[in-house]
Every structure is written in structure tokens, then in C-alpha cells.
Amino acid sequence: MSFRRYLPSSVPLVKLSRIVKHGTLAPYSVYTYTDISAGFFPRARERFQDGPNIEYKVFDLTRDPFAQGFEADYYDIILVPYVVYATPYLRQILKNLNAALRTDGRLLLSKSVTVGVSPNFIFGTFALWWSADGDSRKWEPFVSNDRWDADLK
């Protein structure tokens with residue numbers, strides 16, 4: 003798969019070494035690694051030291067992407083692994099991501115589905131875990147598949 007611009011939000015699903023073979027051209031022109039804080043970049047730079055054409059940008063999913071220096075209709079693919087649920091308003095987050103995605107681009111969203119209370123017990127001490135109170139997610143950040151379907155549409 004070849005794409006021009008690649009925006010993974012937070013931790014990428016695959017290591018770059020698996021898609022960029024030594025001595026060959028990368029299958030992307032720009033790989034934008036984002037996170038909520040630049041404090042995560044030193045470790046990311048170490049992890050992706052062999053990857054070409056990587057830029058590091060702070061990206062708060064809850065804020066307007068254009069106010070943060072991102073362009074409209076820019077990314078061919080956006081990976082969002084396990085970060086969307088810990089945000090206050092899902093629909094707004096999805097709109098923010100869609101604004102940076104090309105018309106023919108793809109959003110690859112990984113989400114957690116739970117049938118128990120274990121995640122709440124484990125992660126319940128983190129303030130962001132409870133940030134969705136105003137988004138009809140009072141008791142946990144997870145939503146049903148039907149809700150994801152509606153919000154994504």
C-alpha cells in the first residue's frame with residue numbers, strides 16, 4: 003500500500019521497520035506522528051529512528067486541527083488506536099479527524115469493547131477516563147457498536 007501522508011494518532015499499530023525495508027523507499031512521503039504532548043516524542047524518535055520522513059506534531063483531538071497547524075484534506079490515512087474513547091465528545095473528535103482526511107482517505111479506528119468492569123477498575127483513577135460524562139457516557143468511556151456506527155456516519 004502506498005500513500006502520501008500518514009497520520010497516526012498516538013501509538014502506531016505497526017512498527018515502521020515492518021513497512022519500510024532497509025535500502026528501499028518508504029511507501030509514504032510523510033509520516034506524521036502525533037500525541038497530546040511533545041513529552042512523548044523522545045521515546046517515539048528513538049522507536050522510529052530508522053523511519054524516513056517522519057514529522058512529530060502535538061495534536062489534541064478535542065481541538066480544531068487547523069488551529070493546531072494541520073491542513074484540511076491532507077492525509078491519505080489516519081490511524082487512531084485506542085485514544086478516541088478517552089475524549090469528551092466522540093462526534094466532535096471524529097469531525098476533527100475527518101477534516102484533516104482527504105476525501106478519498108481512510109480512517110482506521112481501533113476501539114475497545116468491554117462487557118465487564120475490569121477496565122473501569124484499572125483505568126478509573128485517570129481523570130480522562132471520566133471525561134465523557136457530557137457525551138452520554140457517564141459510567142465508562144466505551145460505547146456500543148450501534149453508537150459507533152451512528153457517530154461515524
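Note that my numbering has the sequence shown beginning at 3, numbered continuously upward. Glycine included, C-beta positions come from ideal geometry on N, C-alpha and C. Note that the coordinates shown come from a computational prediction; the quantities given were computed from them, not determined experimentally.
Here F68 is exposed: its Cβ has fewer than 16 other Cβ atoms, across all protein chains shown, within 10 Å.
Only exposed fits L110, as fewer than 16 other CB atoms lie within 10 angstroms of its CB. In this structure G53 is buried. Its beta-carbon is surrounded by 16 or more other beta-carbon atoms within 10 angstroms. S39 is positioned such that its CB atom lies no closer than 8 Å to that of Y84. Judged by DSSP secondary structure, R108 falls within the beta strand (DSSP E) whose first and last residues are 103–112.
The Cβ atoms of R104 and D78 sit closer than 8 Å to each other. D137 and A88 have their C-alpha atoms some 11 Å from each other. Taking all protein chains in view, the Cβ of A46 is crowded by 16 or more other Cβ atoms within 10 Å, so the residue is classified as buried. A direct Cα-Cα distance of roughly 9 Å separates Y30 from V22.
Within the same chain, and ignoring the five residues on either side of I56 in sequence, the residues whose Cβ sits closer than 7 Å to its Cβ are Y33, Y35, F50. With 16 or more other Cβ atoms from the protein chains shown falling within 10 Å of its own Cβ, D37 counts as buried.
Distance from the CA of K59 to the CA of L96, rounded to the nearest whole angstrom, comes to 19 Å.
Counted as a single uninterrupted DSSP element, the beta strand (DSSP E) harbouring P83 occupies residues 77–83. Around the Cβ of R139, a 10 Å sphere holds 16 or more other Cβ atoms; the residue is buried. A direct Cα-to-Cα measurement between L81 and L63 gives close to 13 Å.
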